[in-house]
Amino acid sequence: MKGKKALLAGAILLAVLFFSLTSAQEGRVQQMTGKVSALTLSSKTIVMEIPLGRDSLTVGGEVTDETEISVDGKTATLNDIKVGDRVTVRWIKEEHGHRLLSIVVKSPK
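In the numbering used here, the protein residues as written are 253 to 361.
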């Protein structure tokens with residue numbers, strides 16, 4: 253019985269810690285680098301795989317008119333990004349989701 257209570261207390265503590273860290277991040281600019289795994293031009297969305305050790309994290313977001321896009325240092329559009337491109341994305345967490353601030357594509361040398 254003590255083991256179950258300790259496990260429950262630990263789970264609650266982790267949940268509280270996670271949610272407090274998540275809310276603390278709201279409004280702060282975040283950055284991730286990974287490879288584009290999908291693009292949908294009609295809905296202006298991009299999905300990318302972020303390496304995390306042996307695993308990866310799949311993240312996606314909507315590209316807005318305010319999202320700055322560049323390819324090799326030159327201004328570009330979502331049409332210029334291809335699946336497989338290595339990108340660095342800057343984003344900010346807002347009340348209703350994430351807003352992409354910039355997408356930077358660097359071609360392999």
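Idealized CB from N, CA, C, for every residue including glycine.
Check: For D337, is the classification buried or exposed, using 16 other Cβ atoms within 10 angstroms of its Cβ as the cut-off for buried?
Finding: The sequence position of residue 337 within the sequence shown is 85, counting from 1. By the 10 Å Cβ count, D337 comes out buried.
Notebook entry, point to check: Excluding the five sequence neighbours on either side, which residues of its own chain have a C-beta within less than 7 Å of the C-beta of V356, listed in chain order?
Noted result: The sequence position of residue 356 within the sequence shown is 104, counting from 1. Excluding residues within five positions, the ones whose Cβ falls inside 7 Å are S322, V339 and T340.
Notebook entry, point to check: For E314 versus S289, is the C-beta distance shorter than 9 Å?
Noted result: Your numbering for residue 314 matches position 62 in the sequence shown. Your numbering for residue 289 matches position 37 in the sequence shown. For E314 and S289, no; Cβs fall outside 9 Å.
Notebook entry, point to check: What residue does the beta strand (DSSP E) around K287 start on, and which one ends it?
Noted result: One-based indexing of the sequence shown puts residue 287 at position 35. It spans V281 to T292 - the beta strand (DSSP E) in which K287 sits, taken as one unbroken run.
Check: Is the CB-CB distance between I344 and G279 below 9 Å?
Finding: Here residue 344 refers to the residue found at position 92 of the sequence shown. Here residue 279 refers to the residue found at position 27 of the sequence shown. A contact, by the Cβ cut-off of 9 Å.
Note to self: For R342 and N331, I'd like the C-alpha separation in whole angstroms.
What the structure shows: For the purposes of this step, residue 342 is taken as residue 90 along the sequence shown, with counting starting at 1. For the purposes of this step, residue 331 is taken as residue 79 along the sequence shown, with counting starting at 1. R342 and N331: Cα-Cα distance of roughly 19 Å.
Notebook entry, point to check: Using a Cβ-Cβ cut-off of 7 Å (strictly less than) and excluding sequence neighbours within five positions of S308, which residues of its own chain qualify?
Noted result: Start at 1 with the first residue of the sequence shown, and residue 308 comes out as number 56. Result list for S308: E301 and I302, in chain order.
Margin query: I'd like to confirm the pairing. Which residues does DSSP put opposite I333 in its beta bridges?
Written below: Here residue 333 refers to the residue found at position 81 of the sequence shown. Per DSSP, none; premise fails for I333.
Checklist line | Continuous beta strand (DSSP E) stretch holding H350: start and end | finding: Translated into the one-based positions of the sequence shown, residue 350 becomes position 98. Taken as a continuous stretch (DSSP letters only), the beta strand (DSSP E) holding H350 covers G349 to V357.
Item checked: Sequence-distant residues of its chain with Cβ nearer than 8 Å to P360 (five each side left out) -> Reading the sequence shown from its first residue, position 108 is the one you call residue 360. So the list reads R338, once near-sequence residues are dropped.
Note to self: Once DSSP output is grouped into helix, strand and coil, what is the label at T319?
What the structure shows: Residue mapping note: residue 319 aligns to position 67 of the sequence shown, counting from 1. Three-state result, T319: coil.
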